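A.B. asks: One structure coming up, written as structure tokens, with questions to follow.
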Amino acid sequence: MNRILIIAEHDGKTLNPGIAKCVSCAMQFAGYETDIAVLADDAADICRQAAGLQGVSRVLQVERPENAQALAAVFAPQVVALAAGYSHVLGPSTTFGKDLMPRVAALLGTSQVSDIMSVSGPYEFKRPVYAGDVIQTVKAAQDSKLVATVRIASFPPCQTGGSASVELVAADAVLPTHTRYVELRAQASDRPDLQAASRVVAGGRALGSAENFKLIYDFADKIGAAVGASRAAVDAGYVSNDAQVGQTGRIVAPDVYFAIGISGAIQHVTGIKDAGTIVAINKDPEAPIFEIADIGLVADLFAIIPELQSQLG
Amino acid sequence: MQKILVGVKRVVDYNVRVRVKPDGSEIMTDGVKMSVNPFDEIALEEALRIKEKGAAEEVIAVCIGIDAAQQQLRTALAMGADRAILVKEDGPVEPLTAARIFLKLIEKEQPDLVILGKQAIDDDNSQTGQMLAALWDRPQATFASKVELDGGKATVTREVDAGLEIIEVDLPAVITADLRLNEPRYVKLPDIMKAKRKPLDVTSLEELGVAATQGVEPVAFAQPQARARGVMVDDVAGLVQALKDKGLF
Ligand SMILES: Cc1cc2nc3c(=O)[nH]c(=O)nc-3n(C[C@H](O)[C@H](O)[C@H](O)COP(=O)(O)OP(=O)(O)OC[C@H]3O[C@@H](n4cnc5c(N)ncnc54)[C@H](O)[C@@H]3O)c2cc1C
Ligand SMILES: Nc1ncnc2c1ncn2[C@@H]1O[C@H](COP(=O)(O)O)[C@@H](O)[C@H]1O
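Spelled out as structure tokens, the structure:
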């Protein structure tokens, strides 16, 4: 039974770009067939998007009104029912996947591999530990289903233009009512998604205020970049939590990452290691960020960002 | 509410740059500073605040680990936990095993709330709370940045990739703490003295009737390849040129 099931993340309309990266990961399992399950209240559109991912054999359309929001306690028993015909169940290592997959694993009575960064074999993987200071090779038991999350920054998106079949599937499971969705408070924004963007401009504590953080937004908008931040900037309230990059925030892999007024703590750096080019702008020549930057500029950010913006825009 | 159970894992301090043994067999931990997992300090702080508001009677700190982990439990007691339980285990404890152990303790202690960290910063797994909630067949509210209790319910704000998600869960439930849930208090010297007299029970997997599984076994460790050191530029013009040379603009 060499079959992989990927659990789709979506916002009710659009398939999360991380899923195309999970498919790339699945393609590294030689001789495996890959399906995607879409749990939603109205799944048809999302299924069409999933069916276009090259390498996918089937898309399972699982519709229930209770699936309007992705509550782990509601999704997990359905995923367990769907997992019956599969050897591997994968999800993205986003807050969606991190919330859901361990619940699935425990219901299946199996352990989980978190944050696969490379596939050495169907039951052997590499993954980061200690905030990325160490790479661990793990072997998973072969006598039970393997549940894992995929560190999406480690994989390119798969090609599109595929034509998987879409099948309506019922996931028989009793769903709990002990967990209820209330609301999502999201920053409305036309900016690119942080985890899919090819350019990211990130600001740190040095910005000093939410007002000053506009410098980062303006620069990002000018060059079509997503906005990121250090934990210190988020904690101080300059920017919302979804912008945090790092060990406990989001892992990004843009072509170019601008770290502006960010010192380069290990917990931050682990979130940007997969960036193509890291640009560091910091007034302290000793800042650790320069140790990993591809291009470094020692300067006061307030003095140079406007000029940089006008030259690149 | 009667009791809150809190997870307190002993981990390598977050300021330590971890090194791997030259043969790649394991991580060097000799003489390395060990601390309470930062997320567990936050979990404990939240439990203490709930108790101080009069909404809970007792906070119990639980650690699964080696004997020396009593040190971290003493820190938890000094912060204000009422008592502590060390589940002594010298071997590796993966999240599924930890969750099974917590479940046994839940059966014994009957807490109304369990607060764990969102992840242990050594193995970075972020699994235990979710697994425990599944085994217990109770709600999970992961990555919490705000918890409001109201009778038999908790309204929890969760830090998710899209922003802040708010969910309501019936108690008992498992909550996992994110960074911005609170700022943990500092331990004062008199509290450390007082903590020495607080109860710290030691039990074991055998006593609890849990078998340690290892479904995911680490077989090798390596230091990641360092990024090559880049170039320093003198001014904005130099930066723009360097970006253009790389074909990025
Ligand atoms: C468990 C745990 C998890 C964590 N997770 C994360 C995480 O996911 N992401 C994360 O980012 N952090 C995380 N951290 C925090 C991390 O350790 C650092 O504290 C944080 O990244 C520091 O943010 P910063 O670089 O903005 O601030 P600082 O370290 O204060 O650095 C500010 C920098 O700005 C420079 N500067 C000041 N003024 C100017 C100016 N005018 N122009 C140019 N440069 C200037 C300074 O030289 C300095 O280097 C975590 C910590 C812990 C304990
Ligand atoms: N050995 C342990 N002892 C105490 N608590 C633990 C242990 N392992 C995990 N936990 C709890 O579970 C949380 C998440 O851990 P993990 O799933 O390993 O990332 C931690 O922050 C702790 O609260």
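Same order as they appear, the protein sequences are chains U and W.
Each residue of the first sequence is one higher than the one before, counting from 0 in numbering that gives the first Met the number 0.
Each residue of the second sequence is one higher than the one before, counting from 0 in numbering that gives the first Met the number 0.
Positions of the beta carbon are idealized from the N, C-alpha and C atoms, including for glycine.
Bear in mind that the values here come from a model prediction, so they are computed numbers and not experimental data.
Please report the distance separating the alpha-carbon of W/LEU112 from that of U/GLN111.
C.D. replies: Taking the second sequence and counting its residues from 1, the one referred to as residue 112 of chain W is at position 113. Taking the first sequence and counting its residues from 1, the one referred to as residue 111 of chain U is at position 112. Near 24 Å, if we compare the C-alpha coordinates of U/GLN111 and W/LEU112.
A.B. asks: Taking C-beta pairs closer than 7 Å, name the residues in chain U that W/ASN124 reaches, listed in chain order.
C.D. replies: Against the second sequence, residue 124 of chain W aligns to sequence position 125. Under the 7 Å cutoff, chain U gives SER113.
A.B. asks: For W/ARG249, which residues of its own chain have a beta-carbon under 8 Å away from its beta-carbon, when the five flanking residues on both sides are left out?
C.D. replies: Within the shown structure, residues of chain W are numbered from 0 to 248, placing residue 249 of chain W beyond reach of any answer.
A.B. asks: Looking at C-alpha atoms only, which residue of U/ALA42, U/TYR85, U/THR159 is the closest neighbour of U/SER23?
C.D. replies: Counted from its first residue, the first sequence places residue 23 of chain U at position 24. Nearest option by C-alpha distance: U/THR159.
A.B. asks: Leaving out five residues before and five after U/ILE5 in sequence, what residues of the same chain have Cβ atoms less than 6 Å from its Cβ?
C.D. replies: Working through the first sequence from its first residue, we reach residue 5 of chain U at position 6. Cβ neighbours of U/ILE5 beyond the five flanking positions: CYS21, ILE35, LEU89.
A.B. asks: Output, in chain order, the set of chain U residues within a Cβ distance shorter than 9 Å of W/ILE174.
C.D. replies: Locating residue 174 of chain W in the second sequence gives position 175, counting from the first residue. Under the 9 Å cutoff, chain U gives no residues; its nearest Cβ is about 12 Å from W/ILE174.
A.B. asks: Expressed to the nearest angstrom, what Euclidean distance is found between the alpha-carbon atoms of U/ALA302 and W/LEU247?
C.D. replies: Mapped onto the first sequence, residue 302 of chain U falls at position 303. Mapped onto the second sequence, residue 247 of chain W falls at position 248. Cα to Cα, U/ALA302 sits roughly 23 Å from W/LEU247.
A.B. asks: Mapping DSSP to helix, strand and coil, what is W/GLU93?
C.D. replies: For the purposes of this step, residue 93 of chain W is taken as the residue at position 94 of the second sequence. In this structure, W/GLU93 counts as coil in the three-state DSSP scheme.
A.B. asks: Report the start-end ranges of each alpha helix (DSSP H) in the stretch 67-133 of chain W that is 4 residues or longer and not cut off at the edges.
C.D. replies: 69-78, 94-108
A.B. asks: Which residues does DSSP pair with W/VAL173 in a beta bridge?
C.D. replies: To locate residue 173 of chain W, count along the second sequence from 1; it is residue 174. Answer is W/VAL113, W/GLN139.
A.B. asks: Where W/PHE38 and W/GLY116 are concerned, what is the direct C-alpha to C-alpha distance, given to the nearest angstrom?
C.D. replies: Walking along the second sequence from the start, residue 38 of chain W turns up at place 39. Walking along the second sequence from the start, residue 116 of chain W turns up at place 117. Near 4 Å, if we compare the C-alpha coordinates of W/GLY116 and W/PHE38.
A.B. asks: If the cut is a Cβ gap below 8 Å, which residues of chain W does U/ASN240 touch?
C.D. replies: For the purposes of this step, residue 240 of chain U is identified with residue 241 of the first sequence, where counting begins at 1. Under the 8 Å cutoff, chain W gives SER144, GLU158, GLY162, LEU163, ARG179.
A.B. asks: With 16 as the cutoff for other CB atoms within 10 Å, does U/ARG102 come out buried or exposed?
C.D. replies: Walking along the first sequence from the start, residue 102 of chain U turns up at place 103. Looking at its Cβ environment, which holds 16 or more other Cβ atoms inside 10 Å, U/ARG102 is buried.
A.B. asks: Which residues have a Cβ closer than 7 Å to any heavy atom of ligand 2, listed in chain order?
C.D. replies: In chain order, the hits are W/GLY6, W/VAL7, W/LYS8, W/ASN36, W/PHE38, W/ASP39, W/ALA42, W/VAL61, W/CYS62, W/ILE63, W/GLY64, W/VAL92, W/PRO94, W/ALA97, W/LEU115, W/GLY116, W/LYS117, W/GLN118, W/ALA119, W/ASP122, W/ASP123, W/ASN124, W/SER125, W/GLN126, W/THR127, W/GLY128, W/THR175.
A.B. asks: When every heavy atom of ligand 1 is checked, does at least one fall within less than 7 Å of the C-beta of U/PHE301?
C.D. replies: The count along the first sequence starts at 1 and reaches residue 301 of chain U at position 302. Yes, the Cβ of U/PHE301 comes within 7 Å of a heavy atom of ligand 1.
A.B. asks: What residues from chain U crowd round W/GLY229, counting only those whose CB sits closer than 7 Å?
C.D. replies: Counting from one through the second sequence, the residue named residue 229 of chain W turns up at place 230. The answer, in chain order, is ALA292, ASP293, ILE294, GLY295.
A.B. asks: Report the residue from U/LYS221, U/GLY236, U/SER208, U/ALA279 whose alpha carbon sits nearest the alpha carbon of U/ARG190.
C.D. replies: For the purposes of this step, residue 190 of chain U is taken as the residue at position 191 of the first sequence. Comparing Cα-Cα distances from U/ARG190 to each of U/LYS221, U/GLY236, U/SER208, U/ALA279, the minimum goes to U/LYS221.
A.B. asks: Using the three-state DSSP reduction, which class does W/LYS52 fall into: helix, strand or coil?
C.D. replies: One-based indexing of the second sequence puts residue 52 of chain W at position 53. The answer is coil: DSSP assigns W/LYS52 none of H, G, I, E or B.
A.B. asks: Shortest alpha-carbon distance to U/VAL291 belongs to which of U/ASN281, U/GLY263, U/GLY312, U/ALA298?
C.D. replies: To locate residue 291 of chain U, count along the first sequence from 1; it is residue 292. In the sequence under discussion, the amino acid at residue 291 of chain U is Ile, which differs from the Val named in the question. Taking only the C-alpha atoms, the option nearest U/ILE291 is U/GLY263.
A.B. asks: Could you give the distance in angstroms between the alpha-carbon of W/PRO217 and the alpha-carbon of U/LYS138?
C.D. replies: On the second sequence, position 218 is the one that residue 217 of chain W refers to. On the first sequence, position 139 is the one that residue 138 of chain U refers to. Cα to Cα, W/PRO217 sits roughly 6 Å from U/LYS138.
A.B. asks: What is the residue span of the beta strand (DSSP E) that W/MET231 lies within?
C.D. replies: For the purposes of this step, residue 231 of chain W is taken as residue 232 along the second sequence, with counting starting at 1. Its beta strand (DSSP E) spans residues 230-232.
A.B. asks: Would the C-beta of U/VAL244 count as close to ligand 1, meaning under 7 Å from any of its heavy atoms?
C.D. replies: Working through the first sequence from its first residue, we reach residue 244 of chain U at position 245. Because some heavy atom of ligand 1 lies under 7 Å away, the Cβ of U/VAL244 counts as near it: yes.
A.B. asks: Taking only three categories from DSSP, how would you classify U/TYR256?
C.D. replies: As a working note, residue 256 of chain U is residue 257 in the first sequence. Three-state result, U/TYR256: strand.
A.B. asks: Got a sec: is the Cβ-Cβ distance from U/GLY207 to anything in chain W below 8 Å?
C.D. replies: What you label residue 207 of chain U is simply residue 208 of the first sequence in a count that begins at 1. Chain W, which has no Cβ nearer than 8 Å to the Cβ of U/GLY207, makes this no.
A.B. asks: Closest to U/ALA185 by C-alpha separation, out of U/ASN211, U/VAL118, U/ARG150, U/VAL238, would be which residue?
C.D. replies: As a working note, residue 185 of chain U is residue 186 in the first sequence. It is U/VAL238 whose Cα lies nearest to the Cα of U/ALA185.
A.B. asks: Check this for me: beta carbons of U/LEU81 and U/ALA170, under 8 Å apart or not?
C.D. replies: Stepping through the first sequence from its first residue, residue 81 of chain U is reached at position 82. Stepping through the first sequence from its first residue, residue 170 of chain U is reached at position 171. Yes, the Cβ-Cβ distance between U/LEU81 and U/ALA170 is below 8 Å.
A.B. asks: State the Cα-Cα distance for the pair W/GLY54 and W/LEU238, rounded to the nearest angstrom.
C.D. replies: Translated into the one-based positions of the second sequence, residue 54 of chain W becomes position 55. Translated into the one-based positions of the second sequence, residue 238 of chain W becomes position 239. For clarity, residue 54 of chain W is Ala in the given sequence; the question names Gly instead. The straight-line gap from Cα to Cα measures roughly 56 Å.
A.B. asks: Between W/VAL58 and W/VAL186, what straight-line distance do the alpha-carbon atoms span, to the nearest angstrom?
C.D. replies: Working through the second sequence from its first residue, we reach residue 58 of chain W at position 59. Working through the second sequence from its first residue, we reach residue 186 of chain W at position 187. W/VAL58 and W/VAL186: Cα-Cα distance of roughly 16 Å.
A.B. asks: If you measure from the beta carbon of U/ALA219 to each beta carbon in chain W, is any gap under 8 Å?
C.D. replies: On the first sequence, residue 219 of chain U is found 220 positions in, with the first residue counted as 1. Judged by the 8 Å Cβ criterion, U/ALA219 is not in contact with chain W.
A.B. asks: Based on Cα-Cα distance, which residue from U/ALA235, U/ASP234, U/LEU214 lies nearest to U/VAL226?
C.D. replies: As a position in the first sequence, residue 226 of chain U is number 227, starting the count at 1. The residue with the shortest Cα to Cα distance from U/VAL226 is U/LEU214.
A.B. asks: Go through its chain and collect everything with a Cβ distance to W/ASP177's Cβ below 7 Å, but skip five positions before and after it.
C.D. replies: As a first step, residue 177 of chain W must be located in the second sequence, where it is residue number 178. LYS117, PHE142, ALA143, SER144, GLU158, listed in sequence order.
A.B. asks: What did DSSP end up calling U/PHE289 once you bin it into helix, strand or coil?
C.D. replies: On the first sequence, residue 289 of chain U is found 290 positions in, with the first residue counted as 1. Reduced to three states, the DSSP call for U/PHE289 is helix.
A.B. asks: Hey, out of W/GLY30, W/ALA119, W/VAL86, whose CA is closest to W/LEU104's CA?
C.D. replies: In the second sequence, the residue the question calls residue 104 of chain W occupies position 105. Cα-wise, what sits closest to W/LEU104 is W/VAL86.
A.B. asks: What is the DSSP secondary structure of W/GLU25, counted as helix, strand or coil?
C.D. replies: Mapped onto the second sequence, residue 25 of chain W falls at position 26. DSSP places W/GLU25 in coil when its eight states are reduced to three.
A.B. asks: Compute the minimum distance between the beta carbon of U/GLY11 and the heavy atoms of ligand 1, and state whether it is under 7 Å.
C.D. replies: Position 12 of the first sequence, counted from the first residue, corresponds to residue 11 of chain U. Exclusion of U/GLY11 from the 7 Å shell around ligand 1 follows from its C-beta lying no nearer than that to any non-hydrogen atom of the ligand.
A.B. asks: Is there at least one Cβ from chain W nearer than 8 Å to U/PRO16's Cβ?
C.D. replies: Counted from its first residue, the first sequence places residue 16 of chain U at position 17. No - not a single Cβ of chain W is within 8 Å of the one on U/PRO16.
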